[in-house]
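Asker:
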Amino acid sequence: MAQQQDMNQQVIFLPEGTRRTRGRDAQRINILIAKAVANAVKSTLGPKGMDKMIVDS
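Residue numbers (my numbering): -19 to 37.
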């Protein structure tokens, strides 16, 4: 039984200096990111959408 509980524990590795946000702050940041992504791909949607490639540099 104890072994089962150990397998369900979440382990997160973050680089040093990384902040972890929770609650309203995390929600606000996620909404801002979603809006930025939506704005970036807005012109690719629909029948007259332009082809666009997002490249990670």
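Even glycine gets a Cβ: it sits at the ideal position worked out from N, Cα and C.
Using the Cα positions of F(-7) and K15, report the straight-line distance between them to the nearest angstrom.
Answerer: Straight-line Cα distance between these residues: approximately 27 Å.
Asker: Secondary structure at L12, three-state DSSP: helix, strand or coil?
Answerer: DSSP places L12 in helix when its eight states are reduced to three.
Asker: Compute the Euclidean distance between the alpha carbons of V(-9) and S23, then round it to the nearest angstrom.
Answerer: Spanning the two alpha carbons is a distance of roughly 38 Å.
Asker: Here's a check: name, in chain order, each residue in its chain whose Cβ is nearer than 8 Å to the Cβ of T1, leaving out the five neighbours to either side.
Answerer: Here the set comprises I9.
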